[in-house]
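Protein chains: 2
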Amino acid sequence: MHILVIEDDRIVNQNIVILLRREGIVAESVYTGHEGLELVKLYEYDLIILDLMLPDMSGSDVLKQIRQSSNTTPILILSGINIPTKKVECFSIGADDYMTKPYDRSELVARVKAIIRRSRGIADNIIKVGRMSINLNTKKAFIDETLIPLTAKEYSLLELLALKKGGTVTKESFLSQLYGGMDEPEIKIIDVFLCKIRQKIKKITGGETYIHTSWGRGYTLEDKKKS
Amino acid sequence: MHILVIEDDRIVNQNIVILLRREGIVAESVYTGHEGLELVKLYEYDLIILDLMLPDMSGSDVLKQIRQSSNTTPILILSGINIPTKKVECFSIGADDYMTKPYDRSELVARVKAIIRRSRGIADNIIKVGRMSINLNTKKAFIDETLIPLTAKEYSLLELLALKKGGTVTKESFLSQLYGGMDEPEIKIIDVFLCKIRQKIKKITGGETYIHTSWGRGYTLEDKKKS
DNA sequence: CCTTTTTCTTAACTTTATATTAACTTTTTA
DNA sequence: TAAAAAGTTAATATAAAGTTAAGAAAAAGG
Numbered sequence: 366m367h368i369l370v371i372e373d374d375r376i377v378n379q380n381i382v383i384l385l386r387r388e389g390i391v392a393e394s395v396y397t398g399h400e401g402l403e404l405v406k407l408y409e410y411d412l413i414i415l416d417l418m419l420p421d422m423s424g425s426d427v428l429k430q431i432r433q434s435s436n437t438t439p440i441l442i443l444s445g446i447n448i449p450t451k452k453v454e455c456f457s458i459g460a461d462d463y464m465t466k467p468y469d470r471s472e473l474v475a476r477v478k479a480i481i482r483r484s485r486g487i488a489d490n491i492i493k494v495g496r497m498s499i500n501l502n503t504k505k506a507f508i509d510e511t512l513i514p515l516t517a518k519e520y521s522l523l524e525l526l527a528l529k530k531g532g533t534v535t536k537e538s539f540l541s542q543l544y545g546g547m548d549e550p551e552i553k554i555i556d557v558f559l560c561k562i563r564q565k566i567k568k569i570t571g572g573e574t575y576i577h578t579s580w581g582r583g584y585t586l587e588d589k590k591k592s
Numbered sequence: 366m367h368i369l370v371i372e373d374d375r376i377v378n379q380n381i382v383i384l385l386r387r388e389g390i391v392a393e394s395v396y397t398g399h400e401g402l403e404l405v406k407l408y409e410y411d412l413i414i415l416d417l418m419l420p421d422m423s424g425s426d427v428l429k430q431i432r433q434s435s436n437t438t439p440i441l442i443l444s445g446i447n448i449p450t451k452k453v454e455c456f457s458i459g460a461d462d463y464m465t466k467p468y469d470r471s472e473l474v475a476r477v478k479a480i481i482r483r484s485r486g487i488a489d490n491i492i493k494v495g496r497m498s499i500n501l502n503t504k505k506a507f508i509d510e511t512l513i514p515l516t517a518k519e520y521s522l523l524e525l526l527a528l529k530k531g532g533t534v535t536k537e538s539f540l541s542q543l544y545g546g547m548d549e550p551e552i553k554i555i556d557v558f559l560c561k562i563r564q565k566i567k568k569i570t571g572g573e574t575y576i577h578t579s580w581g582r583g584y585t586l587e588d589k590k591k592s
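Laid out in structure tokens, this is it:
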């Protein structure tokens, strides 16, 4: 999970980043519109949190430029302006949500999660795959009613798979979403984590892991028996 | 576009319906939770607008029941309660947005449109040739509904053909696009890959492969029966 | 603050799927 | 009909994935 925060107030920006990191989300800070646009061109984010008042250009213009480049990354506007017409304007140029400052921390987190969820076509915070269920709120995974004893990193990896349920996730994508490009360990670690996750699941189910390997492409979380 | 409004206050409900109709959206009114749940089971809506205080049951319970039936229709909560914890609770059980009453009409419309836009998501990029369909997003190819079990390289080759559907691709072009000029194997490998791809397709269709040889020129992906 | 425990990461090794080559057959066209 | 191109198959090489263990780093506990 990878979020870009475009906000010139360093304190607000850092607070958001810390808040998100606590949720296991990799967040990146940027303080000007131009820096933001640059990064958006280079990397794929799951969400962009955008302030409307930036020193070099207006947030609306940043939003416009992102959408004009046919980039569909979800964007949450965070602004001190609480005027309906401003909100409507933002939505009409492609914003996904609009929050006013001062913001409630837990509401911000909740909205962030809701947007990401929806952008992946998922409705609620419990993802089910066969006998497995993954609770995105409590960050715990179960087989039927028994908890799978995963470590933090192992859980994150399983969550990334669950968020793309049925789709393939590449090792490179795991790596960048888990570490955010900074101090990335060797890619082999993904194999190791996956092996351990599978072992733990297998211990409970007695065989089925729901994690399938797409040779040379990545991994998929799916209940194949259904189809 | 089809929206269900679950709100017991008849005036508020009718106002929303009128507002949405003006935007060319078909909106349906319902005044109790049970009526709402009934309709949600029967019809597919693009969005549900849900009040939290209903006469027969709480809006949260309506939301919960909808999600428990694994219905993923986007839901916007419209409530008089402006408490962050209530909002967080709703998001965690699967709400997509939360607006407080009194609401601004144009903001409601803007949010409704934003949610629907997002839930529609990115349209799948699919190329079809006869009974074959190639999904460029998931990088999987099918004959009708059955997956063609291609390896990564085999798929890439088929994709290159699909991208030039109807046109001819030379072996040299395959080679350079597959290996990018570096460490290119012998050109014979293209024949081998094509042979394998055709075999796998033939196994499913029972004959037709849609891959045609242009002697001395290259290969074409096309449904010749059509023309 | 140091020790203990847990988790993360690397490294070495095994297994397996795939990519590539080579040898041979069939088809096309000059 | 001979040469060139394409089709096919099997064998081998290579690269990807699976596994295990051990050392490093981080978190927890005293």
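Protein sequences appear in the order of chains A and B. Start counting the first sequence at 366; every next residue gets the next number (the numbering used here). Start counting the second sequence at 366; every next residue gets the next number (the numbering used here). The beta-carbon is built from N, C-alpha and C at its ideal position, and this holds for glycine as well. Note that the coordinates shown come from a computational prediction; the quantities given were computed from them, not determined experimentally.
Who are K493 of chain A's beta bridge partners in DSSP? Among the bridge pairs identified by DSSP, K493 of chain A is matched with A:S498.
Counting contacts by CB-CB distance shorter than 8 Å, is T533 of chain A in contact with chain B? yes
Quick check on S444 of chain A: buried or exposed, where buried means 16 or more other Cβ atoms within 10 Å of its Cβ? buried
Using a C-beta to C-beta distance shorter than 7 Å, which residues of chain B count as neighbours of R476 of chain A? F456
Going along chain A in order, which residues have a C-beta closer than 7 Å to the C-beta of P449 of chain B? D469, S471 and E472
Determine contact between the region 405-420 of chain B and the region 434-442 of chain A, defined as no fewer than three beta-carbon pairs at a distance below 8 Å. no
State yes or no: is the beta carbon of P514 of chain B nearer than 8 Å to at least one beta carbon in chain A? No, because no Cβ of chain A sits closer than 8 Å to the Cβ of P514 of chain B.
Cβ shell of V382 of chain A (< 7 Å), same chain only, five flanking positions each side left out: V370, A392 and S394
Mind listing the chain A neighbours of T503 of chain B? Cutoff is C-beta to C-beta under 9 Å, in chain order. G531, G532 and T533
Candidates B:K589, B:D588, B:K590 and B:H367: closest to V477 of chain B by CA position: Closest by C-alpha distance to V477 of chain B, out of B:K589, B:D588, B:K590 and B:H367, is B:H367.
Between B:R386, B:E573 and B:I390, which lies nearest to I481 of chain B when the distance is taken from Cα to Cα? B:I390
So which residues of chain A does D461 of chain B contact, with C-beta pairs closer than 7 Å? By Cβ distance, chain A contributes A479 and R483.
Work out the CA separation of L384 of chain A and L515 of chain A for me, nearest whole Å. Each residue's Cα considered, the two are about 22 Å apart.
Between the region 366-383 of chain A and chain B, which residues of the former have CB atoms less than 7 Å from a CB of the latter, in chain order? From the region 366-383 of chain A, no residue has a Cβ closer than 7 Å to chain B.
Any Cβ of chain A within less than 8 Å of the Cβ of P550 of chain B? no
Taking 8 Å as the cut-off, decide whether the C-beta atoms of Y575 of chain A and G495 of chain A are in contact. Against a cut-off of 8 Å, the Cβ pair of G495 of chain A and Y575 of chain A comes out as a contact.
Using the rule of at least 16 other Cβ atoms within 10 Å of the residue's Cβ for burial, across every protein chain shown, is R560 of chain B buried or exposed? The sequence given here places Cys at residue 560 of chain B; Arg does not occur at that position. C560 of chain B is exposed by the Cβ-count criterion.
Name the one or two DSSP bridge partners that R505 of chain B has. Reading off the sequence, residue 505 of chain B comes out as Lys, not Arg. Note: K505 of chain B sits in a beta bridge opposite B:N500.
Do A475 of chain B and S457 of chain A come within 8 Å of each other at the CB atom, strictly closer than that value? Between S457 of chain A and A475 of chain B, the C-beta gap is smaller than 8 Å, which places the two residues in contact.
Using a Cβ-Cβ cut-off of less than 9 Å, give me the residues of the region 386-402 of chain A that come near chain B, in sequence order. Answer in chain order: no residues at all.
Decide yes or no for the touch test of the region 445-464 of chain A against the region 498-505 of chain A: beta carbon pairs closer than 8 Å, at least 3 of them. no
Beta carbon proximity, V453 of chain B to chain A, threshold 8 Å: Under the 8 Å criterion on CB atoms, V453 of chain B is classed as interfacial with respect to chain A.
Counting only C-beta atoms, is G545 of chain B closer than 8 Å to chain A at any point? no
What span of residues does the alpha helix (DSSP H) with G579 of chain A cover, start to end? As written in the sequence, residue 579 of chain A is Ser, which differs from the Gly given in the question. Run containing S579 of chain A: none in the alpha helix (DSSP H); it sits in the beta strand (DSSP E), I576 to S579.
Cβ shell of E587 of chain A (< 8 Å), same chain only, five flanking positions each side left out: Taken in chain order, the residues that qualify are V494, K530, G531, Y575 and H577.
Can you tell me whether DSSP reads L415 of chain B as helix, strand or coil? strand
Confirm, please, whether the CB-CB distance from T533 of chain B to R582 of chain B is below 8 Å. Yes, they are a contact pair.
Which chain B residues are close to A488 of chain A, counting only those with a beta carbon under 9 Å from its beta carbon? I431, R432, S435, N436, T437, T438, P439, I440, G459 and D461
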